[in-house]
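**Student:**
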Amino acid sequence: MVANARGGVLWLAILAPAILIPSAASSPLTVEAVPASQEIRINIAGKHFTSYKFAETQKYPYLYPVAAPASGASVTTESSEPYPHHHSLFFGCDKVNGNNYWQDENEQGQILSQGPKIIEASGNRVVIEDTCLWQRAGAEPDIRDTRTIVVAAPSDSVRRIDFEITLEPLKDVRIEKTNHSLFAARVVPELSVTNGGRLVNAEGKEKEAGTYGVPSPWCSYSSERDGVREGIAIFQHSTNRWYPSQWFTRDYGFFSPTPMYWLPDGHLDLPKGERLTLRYRVVVYSGDVDIGALFAEYADNPPNTNQSTVRQRAGSGSAVLGLTRTSISRGPIR
294 MVANARGGVL WLAILAPAIL IPSAASSPLT VEAVPASQEI RINIAGKHFT
344 SYKFAETQKY PYLYPVAAPA SGASVTTESS EPYPHHHSLF FGCDKVNGNN
394 YWQDENEQGQ ILSQGPKIIE ASGNRVVIED TCLWQRAGAE PDIRDTRTIV
444 VAAPSDSVRR IDFEITLEPL KDVRIEKTNH SLFAARVVPE LSVTNGGRLV
494 NAEGKEKEAG TYGVPSPWCS YSSERDGVRE GIAIFQHSTN RWYPSQWFTR
544 DYGFFSPTPM YWLPDGHLDL PKGERLTLRY RVVVYSGDVD IGALFAEYAD
594 NPPNTNQSTV RQRAGSGSAV LGLTRTSISR GPIR
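One rule links them: number in the numbering used here = place in the sequence shown (from 1) + 293.
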């Protein structure tokens, strides 16, 4: 394995394991990863779709914008009232050994990227891998996470982002009951129920009143923009612990599949070294898209996101097709 110094992006052009399986009836668009200052920009058919942002000044890495196929406008917001600490599409958690890896006060804890690697830079998909430390300033880290992110565009009307996130406690960890936890998205105001948008789950239940605290394989937020329905859906993978998890939803535009507010014992204990892997798929869409059918495809063709296989291949000379290193300025810590 080639050492990856913090603050850079390591390009590894390798044969990564299949994560996304395009529909046979679709015509995939070309996806490309482009390093930029403190982020990796991801373009689809030459247009900016999203960026993986990982600056040391951030609370945690996140993806923004998340552009809808038709309008090109983001379906998520980088910061919006109420609760401006919700940054687009992200993963974090509060009350981890008393530390806060969710809200903006960095001194209470940050999820710090150690420098992402671009595994596949262009083609029918882009693959990014990152290792992050959950750490409070001046203290030993609580958790190390390894995340694989795969972006693809199976058709003109659909974009897909697959996530695999493995949490490895570096000490015994206790997470107390919290609504600030795990995978989440904050949509733009025009998609929110408050402003006339639609929030619906797999069972057809709608709004916060019908989806809050309800276990469901998926939820979707959408609204009409310039006469076209555009939205974002989050799918839970069936191998996830607690599947299907309850959802923490809000009509103002927040949704998150998480069990942490409904833990039977009021807390979750993760012993040192006991890994927890969680997988999600995000679908961004424009037009008349059958979310249930897309979820069925995900369930019937579970993605292979074996991170250890990726790393083993990265360290194997026979699998490496090319290797260059691009340094990216991270900027000072403020």
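For each residue, glycine too, the CB sits at the ideal point set by N, CA and C.
Bear in mind that the values here come from a model prediction, so they are computed numbers and not experimental data.
#1: Beta-carbon within less than 8 Å of G559's beta-carbon, same chain only, minus the 5 sequence neighbours each way: which residues are those?
#2: Do you know offhand how far R518's Cα is from K464's?
#3: Could you check the C-alpha separation between V444 and K352 for me, to the nearest Å?
#4: Distance check for D438 and R568, CA to CA, integer angstroms please.
#5: Just reading off the beta strand (DSSP E) that E433 is part of, what are its end residues?
#6: Quick one: residues in its chain with C-beta nearer than 7 Å to the C-beta of V359, no 5 flanking neighbours on either side, listed in chain order?
#7: Which value, in whole angstroms, describes the spacing of the CA atoms of G585 and N594?
#8: Are the beta-carbon atoms of T542 and S474 separated by less than 8 Å?
#9: What are the partner residues of V466, as DSSP defines its beta bridges?
#10: Taking 8 Å as the CB-CB limit, is D387 close to chain B?
#11: What separation, rounded to the nearest whole angstrom, lies between the Cα atoms of R479 and G520?
#12: So D387 is in the alpha helix (DSSP H); what residue range does that whole segment cover?
#13: Where does G490 land, buried or exposed, given buried means 16+ other C-beta within 10 angstroms?
#14: Would you kindly work out how many angstroms separate the C-alpha atoms of A477 and L556, rounded to a whole number?
#15: Please list, in chain order, all residues of the same chain as A317 whose beta carbon is under 7 Å from its beta carbon, the five residues on each side excluded.
#16: If the criterion is Cβ atoms closer than 8 Å, does the pair S364 and E523 meet it?
#17: So, for L563: in the same chain, excluding its five sequence neighbours on each side, which residues have a beta-carbon less than 6 Å away from its beta-carbon?
#18: Between the Cα of A592 and the Cα atoms of Y505, V419 and Y536, which residue gives the shortest distance?
#19: If E457 sits next to A430, beta carbons under 8 Å apart, how far is it from one beta carbon to the other, in whole angstroms?
#20: Can you give me the C-alpha to C-alpha distance between A385 and A589, rounded to a whole angstrom?
#21: In whole angstroms, what separates the C-alpha of K388 from that of Q396?
#22: So, helix, strand or coil for P362, using DSSP?
#23: Spatial neighbours of G624 within its chain, please: C-beta separation below 8 Å, excluding the five flanking residues on both sides.
#24: Beta-carbon separation of S450 and T323 under 8 Å?
#25: Considering only DSSP beta bridges, list what D558 is partnered with.
#26: Could you tell me the boundaries of the alpha helix (DSSP H) in which E590 lies?
#27: Return the first residue and the last residue of the beta strand (DSSP E) that T542 is part of.
#28: Hey, P484 and Y514: beta-carbon distance below 8 Å or not?
#29: Is it buried or exposed for K346, if we count other Cβ within 10 angstroms and need 16 for buried?
#30: Report the residue from E499, A446 and N488 whose alpha carbon sits nearest the alpha carbon of V657.
#31: Could you give the first and the last residue of the continuous beta strand (DSSP E) run that contains A326?
#32: Starting from the C-beta of H378, find all residues in its chain whose C-beta is less than 6 Å away, skip the five residues before and the five after it, and write them out in chain order.
#33: D583 to A495, Cα distance in whole Å?
#34: What's the C-alpha gap between G391 and G566?
**Tutor:** So, from the listed chains and residues:
#1: Scanning its chain for C-beta atoms nearer than 8 Å, with the 5 sequence neighbours on each side dropped, one finds around G559 the residues E469 and K470, in chain order.
#2: A straight-line Cα-Cα distance of about 47 Å links R518 and K464.
#3: Between the alpha carbons of V444 and K352 lies a distance of about 23 Å.
#4: Answer to the nearest angstrom: the Cα atoms are 9 Å apart.
#5: Taken as a continuous stretch (DSSP letters only), E433 belongs to no beta strand (DSSP E), as it is neither H nor E.
#6: Once the five neighbours on either side are set aside, the close Cβ partners of V359 are T343, S367, V368, T369, S381, L382, I525 and V577.
#7: Straight-line Cα distance between these residues: approximately 14 Å.
#8: No, these two residues do not count as a Cβ contact at 8 Å.
#9: Looking at the DSSP assignment, V466 forms a beta bridge with L563.
#10: No chain B is present in this structure, which holds just one protein chain.
#11: So the two alpha carbons sit approximately 22 Å from each other.
#12: No alpha helix (DSSP H) holds D387; the beta strand (DSSP E) holding it covers L382 to V389.
#13: By the neighbour-count rule (16 or more Cβ atoms within 10 Å), G490 is buried.
#14: Taking the straight line joining both Cα atoms gives about 18 Å.
#15: Summary for A317: the model assigns pLDDT 36, below 50, so the residue's position carries little reliability, and this model does not support an answer.
#16: Contact check for S364 against E523 passes: the beta carbons are separated by less than 8 Å.
#17: Taking L563 as the centre and dropping the five residues before and after it, the same chain places the C-beta of P462 and V466 closer than 6 Å to its C-beta, in chain order.
#18: Checking every option, the nearest Cα to that of A592 belongs to Y536.
#19: The pair is not a contact, with the Cβ atoms about 28 Å apart (cut-off 8 Å).
#20: First, the residue type needs correcting, since residue 385 is Gly and not Ala in the sequence shown. The alpha-carbon atoms of G385 and A589 are separated by roughly 27 Å.
#21: For K388 and Q396, the gap between their C-alpha atoms comes out near 11 Å.
#22: Looking at P362 - three-state DSSP - the assignment turns out to be coil, as it is neither helix nor strand.
#23: Model confidence at G624 stands at a pLDDT of 32, short of 50, so the residue's coordinates are unreliable and nothing is read from them.
#24: Cβ atoms of S450 and T323: not closer than 8 Å.
#25: As far as DSSP is concerned, D558 takes part in no beta bridge.
#26: Run containing E590: I584 to D593, per the alpha helix (DSSP H) assignment.
#27: Per DSSP, T542 belongs to the beta strand (DSSP E) from W540 to R543.
#28: Rather than Pro, the amino acid found at residue 484 in this sequence is Leu. Yes.
#29: Buried, because 16 or more other Cβ atoms sit within 10 Å of the Cβ of K346.
#30: Here the chain comprises residues numbered 294 to 627, so residue 657 is not present and cannot be evaluated.
#31: Residues V324 to A329.
#32: Hits under 6 Å: Q396 and D397.
#33: If you draw a straight line from the Cα of D583 to the Cα of A495, it is about 11 Å long.
#34: In this model, G391 and G566 are separated by some 19 Å (Cα to Cα).
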